[in-house]
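With the numbering used here as the guide, the letters of the sequence shown map in order to residues 237 to 345. Working notes, beginning with the structure itself.
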Amino acid sequence: MRTVLLLFCSNIFMTIAWYGHLKFANIPLWKVVLVSWGIAFFEYCFQVPANRIGFVEGFNGYQLKMIQEVITLTVFCLFAVFYLKEPLKWNYLASFGCVLAAVYFMFRN
237 MRTVLLLFCS NIFMTIAWYG HLKFANIPLW KVVLVSWGIA FFEYCFQVPA
287 NRIGFVEGFN GYQLKMIQEV ITLTVFCLFA VFYLKEPLKW NYLASFGCVL
337 AAVYFMFRN
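Here is the structure:
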């Protein structure tokens, strides 16, 4: 559970660093890159411990990556709808369902 919580925190910072600047196209790119790097530092402060803890507690690398992807999509969907004001269309949900199916197969014995 600690791994999942840390990955959620990491992904919040990652999403802000990668996509938060899209509404500010008037800011020079070099400034956006520097700010994004600063935000990404906090992403890594959560991501690295999350993966280390998860690995020690029994997840393998493939499972950690799949957990990461599901969390990334969840956080990004919320970000896109509430911050970017983009609609969540059926085909986006269908593709998300495909990733969830991949999770099922990843954790199946």
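Cβ atoms here follow ideal geometry from the backbone N, Cα and C, with glycine treated the same way.
### Task
With a 10 Å radius around its C-beta and 16 neighbouring C-beta atoms as the bar for buried, classify Ser246 as buried or exposed.
buried
### Task
Look at the alpha carbon of Ile303 and the alpha carbon of Ile263, and state the distance between them as a whole number of angstroms.
34 Å
### Query
Would you report the Cα separation of Leu300 and Met342, rounded to the nearest angstrom?
10 Å
### Task
Give me the Cα-Cα distance between Gly294 and Val306, rounded to the nearest whole angstrom.
19 Å
### Query
Is Ile263 helix, strand or coil by DSSP?
coil
### Task
Report yes if the C-beta distance between Glu322 and Ala330 is below 8 Å; otherwise report no.
no
### Query
Leaving out five residues before and five after Leu336 in sequence, what residues of the same chain have Cβ atoms less than 6 Å from its Cβ?
none
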